[in-house]
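Below is one structure; the comments refer to it alone.
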DNA sequence: TAGATAATTAAGCGAAAGTCTAAATTAATT
DNA sequence: AATTAATTTAGACTTTCGCTTAATTATCTA
């Protein structure tokens, strides 16, 4: 739990997560998005991985990263525990007649 | 944005939020829940207030704190931006016939 | 197998965060 | 007006965080 909140606390790590919404990418392509050294990005990726917010898969010379649903669900359920207190905007639904 | 993620990063502050789900409480009552000095709790309350996750209202000698919907909604919408990638458990609905 | 490429690990440093005690502020009580 | 209670502010200490450069591991290619 702590690891997840720690992970999403950093703005660079949040940007990495947003970037991965577009699909999996290898570490180098992720690093290219940021004006920051590769070791720093590597460290951020490690923290995100520990938090189970991303998954790593080695593909030859490259390591591909993608979002990990499991970690997001844990945060989501923490968040839901406040719904007793106030409702959040619901997704809109449409019913066909 | 940063202030909100920072606020929910700390375990004590998350416990404070959970405690306030049961309803508003004054600073002293909140502090009683924790094995920590009152100044420390006061500092945590301040950070939560800056993040607009709680609101403070002075009531005579006491200061009453309660959850602030506005801050939660901002975090919630950040969270929703990942729904492109994967669906989160939807609230169940029931349709009367 | 030598050399280049992808990525991580290691070491070190300055800034930020969390905690405490002590002092100050504000409000109610007598 | 003095006293007590509730809470915050101030200052100091220790730990954690995020960043950099340098070194290391693993893989690919000529």
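Residue numbers (UniProt numbering), protein chains in the order written: chain L, 1 to 97; chain E, 1 to 97. Built from N, CA and C at the ideal position, the CB exists for glycine as well. If you're wondering where the values come from, they're calculated on a predicted model, not measured in any experiment.
#### Entry: Residues bridged to residue 54 (chain L) (per DSSP)
In the DSSP assignment, residue 54 (chain L) is bridged to L:67.
### Task
Evaluate the contact criterion for the stretch 39–47 of chain E versus the stretch 76–90 of chain E: three or more CB pairs, one atom per stretch, below 8 Å.
No, the stretch 39–47 of chain E does not touch the stretch 76–90 of chain E.
### Query
How would you label residue 25 (chain E), buried or exposed, when you count the other beta carbons within 10 angstroms and need 16 or more for buried?
Answer is buried; the Cβ neighbour count reaches 16.
### Message
Whether or not the stretch 18–34 of chain E and the stretch 73–81 of chain E are in contact is what I'm after, with contact meaning three or more pairs of Cβ atoms, one per stretch, closer than 8 Å; do they touch?
### Response
Contact fails: fewer than three Cβ-Cβ distances are below 8 Å.
### Message
Please state the DSSP three-state secondary structure of residue 9 (chain L).
### Response
In this structure, residue 9 (chain L) counts as helix in the three-state DSSP scheme.
### Query
CB-CB under 6 Å to residue 57 (chain L), same chain, minus the five flanking residues each way: which ones, in chain order?
Excluding five sequence positions before and after residue 57 (chain L), the CB atoms of its chain that fall closer than 6 Å to its own CB belong to 64, given in chain order.
### Message
Closest to residue 1 (chain E) by C-alpha separation, out of E:52, E:66, E:34 and E:84, would be which residue?
### Response
If we check each option's Cα against that of residue 1 (chain E), E:52 comes out closest.
### Query
Helix or strand or just coil, what does DSSP make of residue 88 (chain L)?
Taken through DSSP and simplified to helix, strand or coil, residue 88 (chain L) comes out as coil.
### Query
Since residue 54 (chain L) and residue 68 (chain L) are thought to touch, with beta carbons under 8 Å apart, how far apart are those beta carbons, to the nearest angstrom?
Sure, about 5 Å apart at Cβ, within 8 Å.
### Message
For a contact defined as C-beta to C-beta under 7 Å, what are the partners of residue 84 (chain L) on chain E?
### Response
Near residue 84 (chain L) (Cβ distances below 7 Å), the residues of chain E are 21.
#### Entry: DSSP-derived helix/strand/coil call for residue 25 (chain L)
Note: residue 25 (chain L) maps to strand in three-state DSSP.
### Beta-carbon proximity of residue 7 (chain E) to residue 48 (chain E), cut-off 8 Å
For residue 7 (chain E) and residue 48 (chain E), yes; Cβs fall inside 8 Å.
### Query
How should residue 60 (chain L) be labelled, buried or exposed, when 16 other C-beta atoms within 10 angstroms of its C-beta is the threshold for buried?
So residue 60 (chain L) counts as exposed.
#### Entry: Outcome for residue 71 (chain L) when other beta-carbon atoms lying within 10 angstroms are tallied against a minimum of 16
Buried is the call here.
### Message
Here's the rule I'm using: 16 or more other beta-carbon atoms within 10 Å means buried, otherwise exposed. How should residue 5 (chain E) be labelled?
### Response
Residue 5 (chain E) counts as buried, since no fewer than 16 other beta carbons sit within 10 angstroms of its beta carbon.
#### Entry: Interface residues of chain E facing residue 11 (chain L) [CB-CB closer than 9 Å]
Here the neighbours are 1, 2 and 5.
### Query
Going by DSSP, which residues form a beta bridge with residue 179 (chain L)?
One cannot answer for residue 179 (chain L) here, as it falls past the ends of chain L, which runs 1 to 97.
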